[in-house]
Structures are given as C-alpha cells and as structure tokens.
Amino acid sequence: MKQHKSRYFGMVAVCMISATVAFAQQQRGDWWGHGPMGPNHMWSERMPGWGHGNMGPGQQQRMQRHWTYMNEGVPAAYRGARSTIRATPEVIAEGQTLYTTNCASCHGAEGLGDGEAGRSLVPSPALLRWFVQMPMSGDEYLLWAISEGGQRFGTEMPAFREALTEEEIWKIIAYMRAGFP
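Printed below as a string of structure tokens:
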C-alpha cells in the first residue's frame, strides 16, 4: 500500500513538472521542442489556455522514464539505493563543483533547464530545481537517472556511471537537494 501511494504521488509530481515545463517552454516560445508557436501549435483557438491533442515527441520522451518508474520501478541494480553521505557544507560544496562541471551546461547553474548546451535538446533538460523536491525523486530514482542517462528513453542525457563514482553522484544529489545554494 505504501509503495502504491508513493507511486501515485510520484505521478502527481510528474504531471506538475510537465505542466511547469510546458509553461516555461511556452513562455520562451518553444512548445515541447517544436520551435516557435505557429498556426499548428498545441493551443486551440476555441479553448484558449488549454492544451489538447497528442503530446509532442519531446514530451513523450520525458514521460517515458517516469512511466517506466511508475510501472516497473528502477532496474534491480538501483532498487533500494540510499545515499551513503551526509549533506554537510563540505559535501554540498563538492557537489556544486561536480554539478557545475557535469550538469550545468544542460540543466543550468540553478537547475532550471536553461543551460547553453541544453537549448537545442528535445526534450529540453529537466527542471531539476523543482524535480528533486518531488516525492518521486527518491534516491534510487535519481541514482538510476544520473547513472544510466537517457539513451533507453531516446533522450540525450548522458550516462555518468563511467564518468563519476557513485559517491560523486550522491554529492551532486546532495547539492541539488540543498536547493542549488
């Protein structure tokens, strides 16, 4: 029952994140990676302010990892994973350095998905600043996503399992959870 509730709240979080991403992309004139909104954009003239139709390919890719987690959980290698470090000021500072070096170019300095290298990606980089606060973004999920990247889901998120140690990934997670100080 507890796992079912957790997954339910996780799905609610995914919907909230998706809406936030959609709003941010609409504000900058890019709807789910389709470029500037034109005559064939998602919004109906008959229903201003309300989306309809199928999700764009970027949104489908973004949702695939979440759907997999909600329905299958993480791969066995990540099940039950828990951070092995305490979020001390030193660990958070190390996490910031690691995040800046490995993640900020796409996800942005403050986790807002606005990094220079991420501007042309479909789907756009995750809004980590908010996502790490959601119930779905538990330790096992974050370790899985960072370690394995997005190739399985058709995204350009690189896998970091070869480039970073597990401890370094936990430090990045500690930094993000501290609110990108």
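Under mature numbering (1 follows the signal peptide of the UniProt record, and there is no 0), residues -24 to -1, 1 to 157 are what the sequence shown spells out, in order.
Just so it is clear, CB atoms sit at the ideal spot from N, CA and C, and this is done for glycine as well.
Local Cβ density within 10 Å of residue 57, reported as buried at 16 or more and exposed below that: Translated into positions along the sequence shown, residue 57 becomes position 81. The residue is buried, with at least 16 neighbouring Cβ atoms inside 10 Å.
So is residue 55 buried or exposed if we call it buried at 16+ other beta carbons inside 10 Å? As a first step, residue 55 must be located in the sequence shown, where it is residue number 79. Within 10 angstroms of the beta-carbon of residue 55 lie fewer than 16 other beta-carbons, which makes it exposed.
Straight-line gap, residue 29 to residue 100 (C-alpha atoms, nearest Å): In the sequence shown, the residue the question calls residue 29 occupies position 53. In the sequence shown, the residue the question calls residue 100 occupies position 124. Model confidence at residue 29 stands at a pLDDT of 47, short of 50, so the residue's coordinates are unreliable; what they give is reported in the following sentence. If you draw a straight line from the Cα of residue 29 to the Cα of residue 100, it is about 20 angstroms long.
Ignore the nearest five residues each way along the sequence and tell me which others in residue 130's own chain have a CB closer than 8 angstroms to its CB. Within the sequence shown, the letter at position 154 stands for residue 130. Excluding positions up to five away in sequence, the list reads 37 and 40.
Kindly indicate the opening and closing residues of the alpha helix (DSSP H) around residue 118. The residue labelled residue 118 in the question sits at position 142 within the sequence shown. In the DSSP annotation of this structure, the continuous segment of the alpha helix (DSSP H) that includes residue 118 starts and ends at 115 to 124.
I'd like to check one pair, residue 150 with residue 50: are the Cβ atoms closer than 8 angstroms? The residue you call residue 50 lines up with position 74 of the sequence shown. The residue you call residue 150 lines up with position 174 of the sequence shown. No, Cβ-Cβ distance for residue 50 and residue 150 is not below 8 angstroms.
Which residue comes first and which comes last in the alpha helix (DSSP H) that contains residue 71? Working through the sequence shown from its first residue, we reach residue 71 at position 95. 65 to 78 is the extent of the alpha helix (DSSP H) around residue 71.
Under the three-state DSSP convention, the category residue 17 falls into: Working through the sequence shown from its first residue, we reach residue 17 at position 41. Below a pLDDT of 50, predicted positions are generally treated as unreliable, and residue 17, at 39, falls in that range; the measurement from the model is reported next regardless. It is coil, neither helix nor strand.
With DSSP run on the structure shown, which of helix, strand or coil describes residue 34? Residue 34 sits at position 58 when you count from the first residue of the sequence shown. Helix at residue 34.
On the three-state DSSP scale, how would you describe residue 167? With the chain represented from -24 up to 157, any question about residue 167 goes unanswered, as that position is not in the structure.
Give a yes or no on whether the C-beta atoms belonging to residue 104 and residue 87 are separated by under 8 angstroms. Residue mapping note: residue 104 aligns to position 128 of the sequence shown, counting from 1. Residue mapping note: residue 87 aligns to position 111 of the sequence shown, counting from 1. Between residue 104 and residue 87, the C-beta gap is smaller than 8 angstroms, which places the two residues in contact.
First and last residue of the uninterrupted alpha helix (DSSP H) at residue 148: Here residue 148 is taken as the residue at index 172 of the sequence shown, counted from 1. Secondary structure note for residue 148: its alpha helix (DSSP H) is the uninterrupted segment 142 to 153.
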